[in-house]
Amino acid sequence: MLNNMTKVIGRIGLEHYKTQLTTASHHLLADEPLNIGGTDLGFSPGELLASSLASCTCITLRMYADRKNWILESAEVEVNFFTDKETRTTNFESEIELKGDLNEEQRNRLLFIAKKCLVHTALLNPIKVKTTLK
Numbered sequence: 097m098l099n100n101m102t103k104v105i106g107r108i109g110l111e112h113y114k115t116q117l118t119t120a121s122h123h124l125l126a127d128e129p130l131n132i133g134g135t136d137l138g139f140s141p142g143e144l145l146a147s148s149l150a151s152c153t154c155i156t157l158r159m160y161a162d163r164k165n166w167i168l169e170s171a172e173v174e175v176n177f178f179t180d181k182e183t184r185t186t187n188f189e190s191e192i193e194l195k196g197d198l199n200e201e202q203r204n205r206l207l208f209i210a211k212k213c214l215v216h217t218a219l220l221n222p223i224k225v226k227t228t229l230k
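Just remember that our numbering sits 96 ahead of the position in the sequence shown, which is counted from 1.
So, in structure tokens, the structure goes:
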């Protein structure tokens with residue numbers, strides 16, 4: 097059973113490597129840095145993947161703190177994404193900074209909840225990618 101299906105369309109033309117990404121209601125650019133032949137007009141694909149985890153974590157923390165009426169002034173999530181070429185392991189390292197009037201129990205609970213965000217969970221589960229031609 098599928099739920100929460102997300103559709104993103106990527107389009108690239110002749111401009112190295114500017115890619116237009118669209119959803120039903122949003123538009124953004126992805127690209128590669130200048131040092132590998134891109135035009136650096138947007139996030140690289142790896143940055144977009146890391147951004148998904150960072151944004152989902154931030155949103156999850158805000159939703160939970162709001163529901164509990166906790167004073168979370170801000171949350172900052174730094175995500176580093178890299179691949180170990182020897183082991184072929186994809187690694188995400190996420191560091192969270194919480195600001196607000198939170199006790200240690202609340203902070204620990206928010207850390208627990210951060211690991212429950214949709215993207216974090218998806219990255220831990222088996223992933224299948226099916227690619228076909230139209």
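Glycine included, each C-beta is placed from N, C-alpha and C at the ideal position.
- The beta-carbon distance between Lys114 and Ile105, rounded to whole angstroms, is 15 angstroms. This is too long to meet the 8 angstroms contact definition.
- Listed in chain order, the beta strand (DSSP E) elements of length 3 or more contained wholly in the segment 174-225 are 185-197.
- In the three-state DSSP reduction, Ala120 falls in the coil class, being neither helix nor strand.
- Cys213 and Thr156 do touch by the CB rule: their CB atoms are close to 4 angstroms apart, below 8 angstroms.
- DSSP links Arg107 through a beta bridge to Gln116.
- Here the C-alpha atom of Glu128 lies approximately 40 angstroms from the C-alpha atom of Asp197.
- For Arg203, the closest alpha carbon among the candidates Ser170, Thr185, Leu145 and Ala146 is that of Ser170.
- By alpha-carbon distance to Ile132, the top candidate from Met159, Thr217, Glu172 and His112 is His112.
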